[in-house]
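A.B. asks: Pasting in a structure now, in structure tokens, and then I'll have a few things to ask.
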Amino acid sequence: MSLLVPESGLFIWMLLAFGVVLFVLTKFGWPVITGMLDERARYIDEGISKAKEAGEKLERVQQETARLIQEAQSRQSQMLEDAARIRQDIISKAREEATVAAQKVLEDARRQIETEKEDALRDIRRQVGELSVEIAEKVLRHSLSTDEAQMEYVNRLLDEVEKKN
Amino acid sequence: MKEAGQLDVTAMIFDHVGDSYYWHLTDIGETSVSAPLPVLVYSKLTGWHAFSSSRFHHGHEAYEGLAIAPEGSAHAGKIIEVATGERPLFDFSVTKNVAGLLIASVLLCLMVIGAARWYKRRDVTAPAPKGFIGTVEMMVNFIYTDVIKENIPENTARYTPYLLTAFFFIFFTNLLGLIPGSANLTGNIAVTVSLALFTFVITNIFGTKAYWQEVFWNKALPAWLRPLMAVIEFISLFTKPFSLTIRLFANILAGHCALLGVLSVVFLTAVSMPGAGNYSMSVVSVLLAIFLDMLEVLVAFIQAFVFTMLSSIYISLSQAHHHE
């Protein structure tokens, strides 16, 4: 059967044509396409791993942000607390100081009053002494106008002294 | 036995699947419409001849001592030397198949290089191509990733161009062969035998030491079995490409014959049962032919895939390493 016998002419043409096609496509065709396929596969793999990395990084950043916010909040409340305490401190200290100062003023006033009272008393006492001496002088001058009265008075005084001893 | 007006189915089928010095397109009435093709012959007696096949006047006349052998003779349909009745030494004529081969080769090169140009002008960040180039890429990707890289993880770059070329060449010529009036390339044994020869050579010239050792002195076997296995393995070196040759050739040829046979029912019933019988049978035969044609498209792909797959497996066997 002629169908089963390879025709030498066609066989040689086929070797030639296929050889040329193979050469041309090896040189200008397939490496470009398969190179691109390989590169694209690599690019996609890289893209996937990069996306994964980015996701992880984003998550880390989010965690970091949350932590920072929490930290800031706790610091804020700490600061508010501190401020309140300091205010309280300042107020109570001021009150204390005011009390102390008032006390001192009162004390001073009292002391001055005391001193002045004593001064006044002393003054009064002196004046009372002087007045009584004056009075006594006048009385004596009046009652001892005679010699007998004078004698009698001296005697009485002597008696009094005697009684005292 | 042949009735007048009846189609000679066998002759018609052989005419379609066989080779010819004319590109026969159609018959209008009694005139055959066909394109003449160049004849290129070297004869031991008369030397080189180059002329158009129209000189033979459809086999009715001899030219420069050469003629087309008549039906029924030993070399029916082939050029013979008038003097001896034998084939000339070399017949490089551009027959219908050779012309089809050249056209297919040029188209294939243009297609692939056209696709490659698309990639050359873009970088990896470009979106994947659509349309025709996308289709080429899909098939290249399928063969490259799932067949070649899968079977030949090492030295992939060395074998990729051949396997891709083989796949696309077979697939493309299979599809071209389905076009009515075109050449039946992959259903011709000379074509498939040269494809298998390429696989055979490429497989064996890069065969590793371990591969040849497995062929001729397989240490995994008991010593007494080794010579026997060496003979078997040696024969299998040749049966592999032989099976590639026959599988592709027979599948495509059988497909074409079946399709033509089913279609000729239209013409056979026209004579044997004219009228309603013919019409109903024609409908059946055309539907069946459409089905077979679709099947052939599938076979076109499957046979190209199988050839490439088996070639890559043979290559991967030749890349064996010792596993110590």
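Those protein sequences? They're chains E and G, same order as listed.
Count along the first sequence starting at 1, add 997, and that's the number in our numbering.
Count along the second sequence starting at 1, add 50, and that's the number in our numbering.
Note that beta-carbon positions come from the ideal geometry of N, C-alpha and C, so glycine has one too.
This one's a predicted model, so the numbers in the text were calculated from it and none came from an experiment.
Nearest CA to the CA of residue 89 of chain G: which residue from G:110, G:143, G:207?
C.D. replies: G:143
A.B. asks: If you follow the beta strand (DSSP E) that residue 169 of chain G is in, where does it begin and where does it stop?
C.D. replies: Run containing residue 169 of chain G: none in the beta strand (DSSP E); it sits in the alpha helix (DSSP H), 146 to 170.
A.B. asks: Closer than 9 Å, CB to CB, is residue 1048 of chain E near chain G or not?
C.D. replies: no
A.B. asks: Please report whether the beta-carbon of residue 4 of chain G lies at a distance below 9 Å from any beta-carbon of chain E.
C.D. replies: No answer is possible for residue 4 of chain G: the residues shown for chain G start at 51 and end at 374.
A.B. asks: Going by beta carbon distance, what residues of the same chain come within less than 8 Å of residue 327 of chain G, once the five residues before and after it are set aside?
C.D. replies: 319
A.B. asks: Is it true that the CB of residue 305 of chain G sits closer than 9 Å to the CB of residue 346 of chain G?
C.D. replies: yes
A.B. asks: I'd like to know whether the C-beta of residue 340 of chain G is nearer than 9 Å to at least one C-beta of chain E.
C.D. replies: no
A.B. asks: Any idea if residue 341 of chain G is buried or exposed, counting beta-carbon neighbours within 10 angstroms, 16 or more meaning buried?
C.D. replies: Around the CB of residue 341 of chain G, fewer than 16 other CB atoms lie within 10 Å, so the residue is classed as exposed.
A.B. asks: Taking DSSP as the reference, what is the three-state secondary structure of residue 375 of chain G?
C.D. replies: This structure leaves residue 375 of chain G out entirely; chain G is present only between 51 and 374.
A.B. asks: Quick check: the stretch 290 to 306 of chain G against the stretch 214 to 232 of chain G, are there 3 or more CB pairs under 8 Å?
C.D. replies: Touching, per the Cβ criterion.
A.B. asks: Candidates E:1036, E:1006, E:1013, E:1024: which alpha carbon is nearest residue 208 of chain G's?
C.D. replies: E:1024
A.B. asks: Taking the alpha-carbon positions, what's the residue 1069 of chain E to residue 1083 of chain E distance?
C.D. replies: 20 Å
A.B. asks: Here's the rule I'm using: 16 or more other beta-carbon atoms within 10 Å means buried, otherwise exposed. How should residue 450 of chain G be labelled?
C.D. replies: In the structure displayed, chain G extends from 51 to 374; residue 450 of chain G sits before or after that span and is not available.
A.B. asks: Return the first residue and the last residue of the alpha helix (DSSP H) that residue 81 of chain G is part of.
C.D. replies: Looking at the DSSP string, residue 81 of chain G is not in any alpha helix (DSSP H); the run it does join, the beta strand (DSSP E), is 81 to 86.
A.B. asks: May I ask you to report which of helix, strand or coil DSSP gives residue 241 of chain G?
C.D. replies: helix
A.B. asks: According to DSSP, simplified to helix, strand and coil, what is residue 1140 of chain E?
C.D. replies: helix
A.B. asks: Below 8 Å, can you find three or more Cβ-Cβ pairs linking the stretch 281 to 298 of chain G to the stretch 353 to 368 of chain G?
C.D. replies: Three or more Cβ pairs closer than 8 Å define a contact, and the stretch 281 to 298 of chain G meets that threshold against the stretch 353 to 368 of chain G.
A.B. asks: Any idea if residue 998 of chain E is buried or exposed, counting beta-carbon neighbours within 10 angstroms, 16 or more meaning buried?
C.D. replies: Confidence at residue 998 of chain E is low in this model, with a pLDDT of 47, below 50, so the placement of that residue should be treated as unreliable; the coordinate-derived value is given next. It is exposed - the Cβ of residue 998 of chain E has fewer than 16 other Cβ atoms within 10 Å.
A.B. asks: Does chain G have any CB closer than 9 Å to the CB of residue 1011 of chain E?
C.D. replies: yes
A.B. asks: Tell whether a beta-carbon distance below 9 Å holds between residue 66 of chain G and residue 234 of chain G.
C.D. replies: Yes, these two residues count as a Cβ contact at 9 Å.
A.B. asks: Hey, is residue 195 of chain G's beta-carbon within less than 9 Å of any beta-carbon in chain E?
C.D. replies: yes
A.B. asks: With DSSP run on the structure shown, which of helix, strand or coil describes residue 67 of chain G?
C.D. replies: DSSP places residue 67 of chain G in helix when its eight states are reduced to three.
A.B. asks: Does the beta-carbon distance from residue 336 of chain G to residue 321 of chain G come in below 9 Å?
C.D. replies: Not a contact, by the Cβ cut-off of 9 Å.
A.B. asks: Give the C-beta separation of residue 91 of chain G and residue 129 of chain G to the nearest angstrom, bearing in mind that I take them to be a contact with Cβ-Cβ under 8 Å.
C.D. replies: Right, the Cβ-Cβ distance comes to about 6 Å (below 8 Å), so this counts as a contact.
A.B. asks: Residue 120 of chain G and residue 126 of chain G look like a contact to me (Cβ under 8 Å); what is the Cβ gap, rounded to whole Å?
C.D. replies: 7 Å
A.B. asks: For a contact defined as C-beta to C-beta under 7 Å, what are the partners of residue 244 of chain G on chain E?
C.D. replies: 1008, 1011, 1012, 1015
A.B. asks: Could you tell me the distance, in whole angstroms, from the CA atom of residue 247 of chain G to the CA atom of residue 1045 of chain E?
C.D. replies: 43 Å
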